[in-house]
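Each remark here refers to the structure printed beneath this line.
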Amino acid sequence: MSDNGSINIEVVYGTPEKQLILKVLVASDATVEQTIKTSGMSRYFPEIDLSENKVGIWNRTCKLTDTLKDGDRIEIYRPLIADPKEVRRMRAEKAKEEGRADKVTGGRAKASKRNVAKKDPAPQDNSDT
């Protein structure tokens, strides 16, 4: 914290093509939303919509009204482009079609008997001694 009651904050956002970290000096009672607006991140990424994008401090989601501590890192998260549950379902269907998964249970497919090498039975001792 600086002597005048200001704190140092990092605001980060990224896309697959471009990532940006902005360092901002704000009042010690500043909220997450105020700090993001002060940073000017929307000049670089106009697609950011704080009513849609979730935000977090050091990888923990938070509210836009939360206050900050010196050294905090505000992260603006991009929305998911696909529903994770739907992606898993599609991956499982593909595995079933390719024979990598059991068609009934969805678990790993059992190896066919002809693909499994048979082991020679252990020799038996037939001596009478």
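Numbering (this note's numbering) for the sequence shown: 5 to 133. All C-beta atoms, glycine included, are put in the ideal place defined by N, C-alpha and C.
Item                                                                                             : Value
CB contact flag (I52, Y17, <9 Å)                                                                 : yes
Cβ-based neighbour list, L24, same chain, cut-off 8 Å, excluding 5 preceding and 5 following     : V16, Y17, G18, M45, Y48 and F49
Stretch-stretch touch, CB-based, cutoff 8 Å, three pairs: the region 26-38 with the region 89-99 : no
Nearest-angstrom Cβ-Cβ length linking L68 and V59, presumed shorter than 8 Å                     : 6 Å
CA nearest to the CA of E14, picked from D76, Y81 and E90                                        : D76
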